[in-house]
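Residue numbers (the numbering used here): 2 to 202.
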């Protein structure tokens, strides 16, 4: 069975995903609610953090933690071993397509190849479900979430809305007319609001 897919994103009041100081401590504390089996991210999210990954402590994989799966159709991610050893995940999985550029011959990162020129996200979720994953949390700046929503692959959206208007930059989602059912709201000190919605099939 395909796992439940939860899209979690930190946004400004005007729906931007950058240009403000996100409350990451609260964001990741809230993420523990789902106890995900897999954390699904896009290559852009990883590339934006590669310098931090190199500089961070590397205690090694944490066996009880989720699997980190990275959509990387163009094989741009290089810090696979650093990601694996950060202590946040049990292992890493590179998600590639048939036309993804060749990887180094000595690459040891686990791979899943689906789709022709782009990763087939529906097939990825099916494979993860077959391997026992029950819940996948998407941790993305918006592009990956938008694609998953367009494909009808998201079950729940969780927005951590920060009380700031950025005014420019990428919005987390440009999809219109998406039917949602309110699942919960929590307001925190300082005005940050956590909004949860179920996505109608």
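Heads up, the beta-carbon is just placed ideally off N, CA and C, and yes, glycines get one too. None of the values given here were measured: they were computed from a predicted structure.
Query	Result
Among the candidates 96, 29, 73, 90, whose CA atom is the shortest distance from the CA of residue 128?	96
Within 10 Å of its beta-carbon, does residue 43 have 16 or more other beta-carbons around it, so buried, or fewer, so exposed?	buried
Could you compute how far the alpha carbon of residue 78 sits from the alpha carbon of residue 195?	31 Å
Use the C-beta contact count for residue 166: other C-beta atoms within 10 angstroms, 16 or more gives buried, fewer gives exposed.	exposed
Is residue 157 helix, strand or coil by DSSP?	strand
Take residue 115 as the anchor and find which of 109, 5, 125 has the nearest alpha-carbon.	125
According to DSSP, what are the bridge partners of residue 185?	197
Considering just the uninterrupted stretch of the alpha helix (DSSP H) at residue 127, what are its terminal residues?	122-131
To the nearest angstrom, how far is it from the Cα of residue 184 to the Cα of residue 106?	47 Å
Looking at C-alpha atoms only, which residue of 85, 32, 200, 17 is the closest neighbour of residue 54?	85
Return the Cβ separation of residue 152 and residue 31 in integer angstroms, given the expectation that the two are a contact with Cβ distance under 8 Å.	Going by Cβ atoms, the distance from residue 152 to residue 31 rounds to 25 Å, so no, they are not a contact pair.
At 3 residues or longer, and completely inside the segment 69-113: list those beta strand (DSSP E) runs for me, N to C.	92-97
Using only the alpha-carbon positions, how far apart do residue 26 and residue 122 sit?	29 Å
Helix, strand or coil for residue 34? Go by DSSP, reduced to three states.	coil
Pull up the DSSP beta-bridge partners for residue 8, would you.	139, 158
Measuring alpha carbon to alpha carbon, tell me which of 16, 154, 188, 22 ends up nearest residue 170.	16
If the criterion is Cβ atoms closer than 8 Å, does the pair residue 8 and residue 146 meet it?	yes
Select from 39, 74, 58 the residue whose C-alpha is nearest the C-alpha of residue 90.	39
Taking just the CA atoms, how far does residue 19 sit from residue 144?	13 Å
Considering just the uninterrupted stretch of the alpha helix (DSSP H) at residue 148, what are its terminal residues?	144-151
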